[in-house]
Structure formats: structure tokens, C-alpha cells
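Undergrad: This is the structure I want to talk about, given as C-alpha cells.
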Amino acid sequence: MRVVMFGYQTWGHRTLQALLDSEHEVTLVVTHPRSEHAYEKIWDDSVAELAEKHEVPVLLRKRPGDPELLERLRQAAPDVIVATNWRTWIPPEIFDLPPYGTLNVHDSLLPAYAGFSPLIWALLNGEREVGVTAHLMDETLDAGDIVLQRAIPVGPTDTTTDLFHRTLELFGPITVDGLALIASGRTDWTPQDRSKASFFHKRSIEESRIDWNWPAEEIERLVRAQSDPYPNAFTHHDGAPLRILAARVSEGRYGGTPGRIFYREGDGVVIVAGADARRGHRPGLAITRVRTDDGQEHAATDYFRTMGGYLTRYPDGRL
1 MRVVMFGYQT
11 WGHRTLQALL
21 DSEHEVTLVV
31 THPRSEHAYE
41 KIWDDSVAEL
51 AEKHEVPVLL
61 RKRPGDPELL
71 ERLRQAAPDV
81 IVATNWRTWI
91 PPEIFDLPPY
101 GTLNVHDSLL
111 PAYAGFSPLI
121 WALLNGEREV
131 GVTAHLMDET
141 LDAGDIVLQR
151 AIPVGPTDTT
161 TDLFHRTLEL
171 FGPITVDGLA
181 LIASGRTDWT
191 PQDRSKASFF
201 HKRSIEESRI
211 DWNWPAEEIE
221 RLVRAQSDPY
231 PNAFTHHDGA
241 PLRILAARVS
251 EGRYGGTPGR
261 IFYREGDGVV
271 IVAGADARRG
281 HRPGLAITRV
291 RTDDGQEHAA
301 TDYFRTMGGY
311 LTRYPDGRL
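And the structure:
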């Protein structure tokens, strides 16, 4: 089939490579300009450079729908459009243009975690599996009928970086396999159950700020969710930012005020956590590795030389 691809960053790069390696003909690629957004500078393999290397025409757009783009799409005469990690809404005059419509590939198990940063949000929420969905695009973002869906388990120590690499391996195969199903003439796709849908916004640095009123289990997942190269989970110590690189839920239960630097437990330093920490019924967060604002990494037991004091949400000492 003749394919036009809308794609961006490493997800789009991997998908385009799979299309180029397949029996399909890529007639046009549309991608976004490079961004300075903290999250969009991560996993930023260039779709444009890959397309140009293979002499595929490229258009750069922040948003689609202008007359020039529509004319170029008509000239490209696609049988199908493939969209991967396209960051803005695609209008009906584009997604309905090809005879087979538009196949969107999204890194969540839709209908849950539509929108942005699905792996991070899923890990934060303690999901036991994540995955990739190939669906036909309609007027509602990430809501069209499902063509294919593939899942992977989430382990107890997995980071978002781990999940990224494992789900990335699914993007090329699910795209090519989805196109094969579409080309076969099948139309018995699975409608999404909208009662189970959830839609998440883009993450910002604010979402990485640790709230010590959260239970230790949730803070530990935040640390894993904001693994390198993502902006790390952070707090403040003596007014300076402190990034938490590795932590675990403590073995013991610790009572007191959330954020208190309290006790050495094995290779970690326990911080009291949880809104009801005063009752002493819950574990704390045992931090094992930190990064200071100068970029230096430290074992927590080396950084916290003495116990006492607080880790705070804000540099002025507010908890």
C-alpha cells in the first residue's frame, strides 16, 4: 500500500523504519519541528532525517490542516495514513482522506491512558501491564476502533525507561501487522469501551515534585517513573534542589512528620512519608541514591551524614 506517515521523535522514527523495511511504499512524511520542551527533547531521533536519508519527501508542521499540506497529501495519494506520536489533533479532512483511513499507534492499552506520557502515568498508578494499541483514527483523540493491541508486564522494579525500550520494540511490528489486517479487507475492529477511557495531560517539571504526604509506595513509583533521562523526582534539602534517583519502600514502619530525615536502614536513609505518618502504621521511603543540583551523584548514606531535618517541597522550607 501507499503510505503517508505522520510521526515524531523515536516512536515515529522506529515506525518509519519499519515501514521503509516493509513491502509498503512511503510517499510522504509529515513531522513536527524539534521542540525545547523538557519531555520532547528525550527520545528525539529525527523522523525528518530518516525520511530524507531514504529520499522520502518531508513536511514540517506544528499542526496539520493548511491548504498546502492538504494538496501535498492528495498528490501523495495514500491508501492509508499511519500516525505515531503525532502531538496535535488531526482533522477529519486528513484522517478520512485515504480509502483505508488512518491507523494511529499509541503507547497505552486503550481506552485507558489516552493522551500524553502514558507510560509514566501508568507506572505512577501501579498498573500491572502496559502496551501499544493500533487503532483507526476518528474525531476523538485516541478513541477509534482497535485493530491490534499488545501488552507487556510491569515488574516491581521497572522504570519508565525500561518500559519505553520494551514497548518501543512493539511499534514497528504492530504497525506492519495492522496494515496487513487492513489490506486483507477486514472491518470487524473492536470498538473502545468509553466507560473505561481515561485521558492524561502532558507532564511538566511540577509533576516531578515530591509531596511527602503521599504514601511511600506512591513516592517510590514516582522515583521509578521519573528515571533518567526523564526529569527526576525531586525535593529540597536546606533550600537546594535534590533529585532522588533510587529508592525503595522501607522494611520498617516509621512515625512522625512527613519529610523528616529519620533513620538509616541498610543502604538507604528513611524519610517519613504519608499524610497519616504520625500514627506510625506505614513504611517510609528509603532513599538509596541522590543527585545534587551541581549534577553530582551520591549514595544516600554518604549524602545524609547525620539524621534530622526535613526534605521539603519548596526551597523556602514549606513541607
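Read in full-length UniProt numbering, the sequence shown has 75 at position 75, and its numbers run on one by one without any break. Ideal Cβ placement from N, Cα and C applies to all residues, glycine included.
So the beta strand (DSSP E) glutamate 71 belongs to, where does it begin and stop?
TA: Here glutamate 71 belongs to no beta strand (DSSP E); instead the alpha helix (DSSP H) covers 67-76.
Undergrad: In chain order, what residues of the same chain have a beta carbon less than 8 angstroms from the beta carbon of glutamine 192, not counting five sequence neighbours either side?
TA: Counting only Cβ-Cβ distances below 8 angstroms, and skipping sequence neighbours, we find Leu110, Pro111, His135, Ala143, Gly144, Asp145, Ile146.
Undergrad: From valine 59 to proline 98, what distance separates their C-alpha atoms?
TA: Per the sequence presented here, residue 59 reads as leucine, with valine not at that position. Cα-Cα distance, rounded: 18 angstroms.
Undergrad: Are arginine 289 and alanine 299 touching if we call contact CB-CB under 8 angstroms?
TA: Cβ distance < 8 angstroms, so arginine 289 and alanine 299 count as in contact.
Undergrad: Considering Cα atoms alone, identify which of Glu23, Arg260, Asp294, Thr31 is closest to glycine 309.
TA: Ranking Glu23, Arg260, Asp294, Thr31 by Cα distance to glycine 309 puts Arg260 first.
Undergrad: Using the Cβ count rule (16 or more neighbours within 10 Å means buried), how would you classify glutamate 68?
TA: Exposed, by the Cβ-count rule.
Undergrad: So, with DSSP's three-state summary, where would you put phenylalanine 199?
TA: Looking at phenylalanine 199 - three-state DSSP - the assignment turns out to be strand.
Undergrad: For the beta strand (DSSP E) holding threonine 133, just list the boundary residues, first then last.
TA: Threonine 133 -> beta strand (DSSP E) spans 129-136.
Undergrad: Note down, one range per segment and in chain order, each beta strand (DSSP E) of at least 3 residues found wholly within the UniProt domain "Formyl transferase C-terminal" (206-306).
TA: The UniProt domain "Formyl transferase C-terminal" (206-306) contains these whole beta strand (DSSP E) runs: 233-237, 240-253, 261-265, 268-271, 283-292, 297-299.
Undergrad: Would you tell me roughly how many angstroms separate the C-alpha atoms of threonine 84 and alanine 273, rounded to the nearest one?
TA: Cα to Cα, threonine 84 sits roughly 39 angstroms from alanine 273.
Undergrad: Identify the continuous alpha helix (DSSP H) that holds glutamine 9 and give its terminal residues.
TA: Note, glutamine 9: alpha helix (DSSP H), 9-20.
Undergrad: Could you pull out every residue in the same chain whose Cβ sits closer than 7 angstroms to the Cβ of arginine 87, ignoring the five residues on either side in sequence?
TA: Excluding residues within five positions, the ones whose Cβ falls inside 7 angstroms are Tyr8, His32.
Undergrad: Could you give the residue range of the beta strand (DSSP E) that holds residue 321?
TA: Because the chain is modelled from 1 through 319, residue 321 falls outside the range shown and cannot be assessed.
Undergrad: Mind checking serine 204: buried by the 16 CB within 10 Å criterion, or exposed?
TA: With fewer than 16 Cβ atoms within 10 Å of its Cβ, serine 204 is classed as exposed.
Undergrad: Of all the options Asp293, Glu169, Trp11, Pro64, which has the alpha carbon lying nearest to the alpha carbon of glycine 239?
TA: Among Asp293, Glu169, Trp11, Pro64, the Cα nearest to that of glycine 239 belongs to Asp293.
Undergrad: Go through its chain and collect everything with a Cβ distance to valine 56's Cβ below 6 angstroms, but skip five positions before and after it.
TA: So the qualifying residues of the chain are Val26, Val29.
Undergrad: Exposed or buried, which one is glutamine 296 when buried takes at least 16 other CB atoms within 10 Å?
TA: Glutamine 296 is exposed by the Cβ-count criterion.
Undergrad: Would you kindly check if the distance between the Cβ of proline 153 and the Cβ of glutamate 169 is under 8 angstroms?
TA: Result no, Cβ atoms of glutamate 169 and proline 153 do not sit closer than 8 angstroms.
Undergrad: Quick check on this structure: which residue in Pro156, Glu49, Tyr263 has the alpha carbon closest to the alpha carbon of leucine 16?
TA: Residue Glu49 is the option with its Cα nearest to leucine 16.
Undergrad: What's the C-alpha gap between arginine 61 and threonine 10?
TA: If you take the alpha carbons of arginine 61 and threonine 10, they lie about 17 angstroms apart.
Undergrad: I need the DSSP call for alanine 83, collapsed to helix, strand or coil.
TA: Correct three-state label for alanine 83: strand.
Undergrad: Quick one: using the 10 Å Cβ neighbour count with 16 as the cut-off for buried, is aspartate 158 buried or exposed?
TA: Answer is buried; the Cβ neighbour count reaches 16.
Undergrad: Which same chain residues, not among the five before or five after arginine 194, have their C-beta less than 8 angstroms away from its C-beta?
TA: Cβ neighbours of arginine 194 beyond the five flanking positions: Pro111, Ala143.
Undergrad: Report yes if the C-beta distance between leucine 179 and leucine 103 is below 8 angstroms; otherwise report no.
TA: In contact: leucine 179 and leucine 103 (Cβ atoms closer than 8 angstroms).
Undergrad: In terms of alpha-carbon separation, which member of Gly115, Gly252, Pro78, Phe262 lies closest to proline 283?
TA: Taking only the C-alpha atoms, the option nearest proline 283 is Gly252.
Undergrad: Pick out whichever of His24, Val105, Ala183 has its Cα sitting closest to the Cα of residue 345.
TA: This structure cannot speak to residue 345, because the chain is shown only from 1 to 319.
Undergrad: Looking at the secondary structure, which residues open and close the beta strand (DSSP E) in which threonine 102 lies?
TA: Segment 102-106, the beta strand (DSSP E) holding threonine 102.
Undergrad: Using the Cα positions of arginine 264 and arginine 279, report the straight-line distance between them to the nearest angstrom.
TA: The straight-line gap from Cα to Cα measures roughly 20 angstroms.
Undergrad: Check each candidate in Ser46, Arg63, Ala114, Val80 and name the one with the smallest Cα separation from proline 91.
TA: Comparing Cα positions, the closest option is Arg63.
Undergrad: For the putative contact between valine 132 and isoleucine 174, defined by C-beta atoms under 8 angstroms, what is the C-beta separation to the nearest angstrom?
TA: 5 angstroms between Cβ atoms; contact.
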